[in-house]
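In the UniProt record's numbering, the protein residues as written are 1 to 641.
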Ligand code: 6R9
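Next up, the structure:
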């Protein structure tokens with residue numbers, strides 16, 4: 001399989017971009033022609049950002065798994081689709097060829113059907129990074145069920161909220177998961193999430209750690225036994241459900257600036273086309289390349305660039321169960337050497353954390369197979385960029401800095417490896433079909449350059465095929481969050497600058513969303529969790545620059561009656577946050593305060609709190625309009641280092 005839509009020169013990029021804007025229908029029809037459809041579309045694109053309503057390939061029918069699996073069987077049956085490297089380097093790795101993966105997806109699709117799962121049903125998946133996770137995802141897609149993968153680090157309470165929001169009736173999980181030297185009891189977390197739950201019909205449990213788990217009669221089933229059942233029934237084929245291009249493929253929850261996480265909904269057709277197109281072009285994927293994306297499938301990066309895109313492109317995707325520092329900080333390099341990895345796609349936070357170990361762990365590791373490096377999840381600072389370039393890529397691998405979001409489904413801004421120029425810490429140029437615009441606070445387009453750049457809030461003028469379609473169960477919220485801040489634009493929530501050549505540099509979120517180690521966390525969510533702690537009167541959470549995580553979480557907490565040890569109370573609050581959201585949302589710093597800087601109308605002045613957390617206590621701007629200006633001095637004086 002080659003890719004007729006692969007862009008291989010700067011001129012070809014410019015031509016593709018131009019055509020994608022001038023004639024999107026023809027442009028995307030040409031790309032989409034390279035996929036397997038049960039029925040072709042009546043119309044390529046219909047849209048308005050008012051409702052919003054976006055429909056790509058309307059009238060077309062397909063099943064994404066036929067594109068990810070069936071169509072490769074004729075020529076690639078024995079080629080590795082997934083390579084799985086376990087957490088423990090002494091345990092044997094697994095290789096699943098296209099034929100193996102096809103068989104397993106069909107088997108598990110039958111297990112789901114045999115347990116009553118139907119098209120449109122929501123299946124929550126809460127698993128560690130094992131092949132069964134990818135199999136469960138694809139099996140849902142095969143039978144038209146909507147998967148909602150929840151990252152293994154979220155708490156029982158977070159799962160319960162998501163189950164309720166998605167009205168899920170089925171769960172697929174594991175007994176436990178290995179991560180570094182930890183053993184995470186996933187099934188037991190699910191059990192806690194299900195206390196009092198009456199809507200979940202079945203929980204299917206795959207065996208990984210074989211930690212003792214409680215199995216409820218009539219509800220909980222072992223994956224392996226269910227497979228045997230469908231085998232005994234003689235179910236081998238699993239007829240793919242016929243899906244409309246606009247049918248939902250999955251829901252993925254992500255944090256916004258207000259309230260609880262939103263269920264971002266992606267549609268089958270557009271998501272398939274876009275993830276494949278961006279994969280083939282950004283990474284200049286060549287069949288046979290081993291692609292190693294280090295994300296977790298619980299995040300959008302894993303959905304798109306571990307599972308769907310590499311497979312729909314007939315590629316080989318490496319799935320790693322563990323973490324970069326276990327058993328030591330050379331683990332990524334060992335994996336690259338072991339499997340002769342060609343493309344490494346990771347997050348700046350991982351690079352910075354490995355930088356901290358120096359180049360010792362890299363010495364003696366053969367990284368000569370590497371051709372292309374990628375980063376995603378947060379802005380990459382120049383120091384990390386150069387370290388990646390020099391010590392990992394040995395200055396011969398183009399680095400792609402890919403900017404995108406859960407809501408965008410796939411990469412929107414990135415250089416194309418070796419094809420369009422890279423610029424350290426700049427995501428550079430938009431993909432064909434992506435029309436970016438920078439606007440000021442009032443929604444007016446920024447046109448003036450200052451010192452060679454224009455700065456503004458990043459919006460997008462027209463839909464690309466994998467734009468989110470709605471937020472599950474609440475279309476108004478989708479409209480309000482993304483399409484109402486600036487009329488007729490999709491608002492990304494990010495600030496950016498653009499140079500005179502058209503390159504973009506993403507500077508970070510301009511809303512109340514934090515990016516901690518590449519994980520999105522809403523300040524409001526963390527505040528709600530802290531406020532649930534007995535004794536807490538009020539809290540305010542902001543981000544501050546953190547050397548490794550990118551951003552750290554700084555919480556200012558008003559606590560009722562502090563009896564005894566402050567540090568114990570801090571630990572108790574952390575425990576509550578862990579219970580309500582998960583360990584990823586634990587504040588790095590908690591400062592107890594007697595009040596918060598508020599305006600006369602009662603709004604917390606986060607700008608001031610942010611500056612104090614950042615250590616910029618000198619220049620706090622005008623504080624005279626505050627209800628109680630003196631509180632600022634108290635907070636400043638007790639600031640945590
Ligand atoms: C894919 C993913 C989205 C937010 C996004 C932005 C930040 C992602 C970036 C980047 C600078 C990059 N972000 N990639 N910032 N440069 N290359 O990470 O999705 O978890 O939804 O986060 O991450 O702030 O708005 P998601």
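Beta carbons are placed, not taken as given, at the ideal position from N, Cα and C, and that holds for glycine. The structure presented is a predicted model; accordingly, all values stated were derived computationally and were not measured.
Quiz item: Out of 431, 567 and 479, which has the shortest C-alpha to C-alpha gap to residue 10?
Solution: For residue 10, the nearest C-alpha among the options comes from 431.
Quiz item: By DSSP, does residue 538 sit in helix, in strand, or in coil?
Solution: strand
Exercise. Assuming residue 340 and residue 317 form a contact by the criterion Cβ under 8 Å, report the distance between their Cβ atoms to the nearest whole angstrom.
Key: Actually they are not in contact, since the Cβ atoms of residue 340 and residue 317 sit about 14 Å apart, beyond 8 Å.
Exercise. Kindly indicate which three-state DSSP category residue 326 falls into: helix, strand or coil?
Key: coil
Quiz item: Can residue 145 and residue 187 be called in contact, C-beta distance under 9 Å?
Solution: no
Quiz item: In this structure, does DSSP put residue 272 in helix, strand or coil?
Solution: helix
Self-check item: Residue from 412, 380 and 639 whose Cα sits closest to the Cα of residue 276
Solution: 412
Quiz item: Roughly how far, in whole angstroms, is the beta-carbon of residue 5 from the beta-carbon of residue 34, given that I think they are within contact range, below 8 Å?
Solution: 7 Å
Practice problem: Would you mind reading off the limits of the beta strand (DSSP E) that contains residue 486? | Solution: Premise fails: residue 486 is in no beta strand (DSSP E) and is neither H nor E.
Quiz item: Say the cut is 8 Å; is the CB of residue 406 nearer than that to a heavy atom of the ligand 6R9?
Solution: Indeed, a heavy atom of the ligand 6R9 lies less than 8 Å from the Cβ.
Quiz item: Would the C-beta of residue 379 count as close to the ligand 6R9, meaning under 8 Å from any of its heavy atoms?
Solution: yes
Quiz prompt | Helix, strand or coil at residue 370 [DSSP, three-state] | solution = coil
Exercise. Just mark residue 619 as buried or exposed, buried being the case when its beta carbon has 16 or more other beta carbons within 10 Å.
Key: exposed
Exercise. With hydrogens ignored, establish whether the beta-carbon of residue 427 is closer than 8 Å to any heavy atom of the ligand 6R9.
Key: yes
Quiz prompt | Proximity to residue 125 [Cα-Cα], best of 467, 154, 107 and 617 | solution = 154
Quiz item: Hey, is residue 506 close to the ligand 6R9, as in C-beta under 8 Å from one of its heavy atoms?
Solution: yes
Quiz item: So residue 346 is in the beta strand (DSSP E); what residue range does that whole segment cover?
Solution: 343 to 346
Exercise. Could you tell me whether the segment 429 to 444 touches the segment 375 to 387, using the rule of 3 or more Cβ pairs below 8 Å?
Key: They do not touch, by the three-pair rule.
Quiz prompt | Cα-Cα separation between residue 599 and residue 629, rounded to whole angstroms | solution = 10 Å
Self-check item: Identified DSSP bridge partners for residue 555
Solution: 541 and 590
Practice problem: With hydrogens ignored, establish whether the beta-carbon of residue 512 is closer than 8 Å to any heavy atom of the ligand 6R9. | Solution: no
Quiz item: Would the beta-carbon of residue 300 be found less than 8 Å away from any heavy atom of the ligand 6R9?
Solution: yes
Practice problem: Write down every uninterrupted run of the beta strand (DSSP E) in the UniProt domain "Acetyl-coenzyme A synthetase N-terminal" (13 to 68) whose length is 3 residues or greater and which is fully enclosed by it, in chain order. | Solution: 43 to 48 and 53 to 58
Quiz item: Residues in its own chain within less than 6 Å of residue 483 by CB, not counting five upstream and five downstream?
Solution: 49 and 52
Quiz item: Among 359, 365 and 350, which residue has its Cα nearest to the Cα of residue 338?
Solution: 365
Self-check item: Presumed contact (8 Å Cβ cut-off) between residue 86 and residue 321, rounded CB distance
Solution: 5 Å
Exercise. Please determine if the segment 473 to 492 and the segment 253 to 269 are in contact, where contact requires at least 3 C-beta pairs separated by less than 8 Å.
Key: Counting C-beta pairs with one atom in each stretch, the segment 473 to 492 and the segment 253 to 269 have three or more that are closer than 8 Å, which means they touch.
Quiz item: Are the CB atoms of residue 514 and residue 543 nearer to each other than 9 Å?
Solution: yes
Exercise. Could you name the residues of the same chain whose beta carbon sits closer than 7 Å to that of residue 420, not counting the 5 residues immediately before and after it, in chain order?
Key: 10, 13, 428 and 429
Quiz item: So, helix, strand or coil for residue 319, using DSSP?
Solution: strand
Quiz item: Whose CA, out of 376, 378, 372 and 403, lies closest to the CA of residue 649?
Solution: The structure shown has nothing for residue 649, since the chain only spans 1 to 641.
Quiz item: Comparing the CB of residue 515 with every heavy atom of the ligand 6R9, is any distance shorter than 8 Å?
Solution: yes
Practice problem: For the alpha helix (DSSP H) holding residue 253, just list the boundary residues, first then last. | Solution: Note, residue 253: premise wrong, no alpha helix (DSSP H); beta strand (DSSP E) at 248 to 254.
Quiz item: Does the ligand 6R9 have even one heavy atom less than 8 Å from the beta-carbon of residue 401?
Solution: yes
Quiz prompt | Which listed residue (522, 540, 534 and 614) has its alpha carbon closest to that of residue 582 | solution = 522
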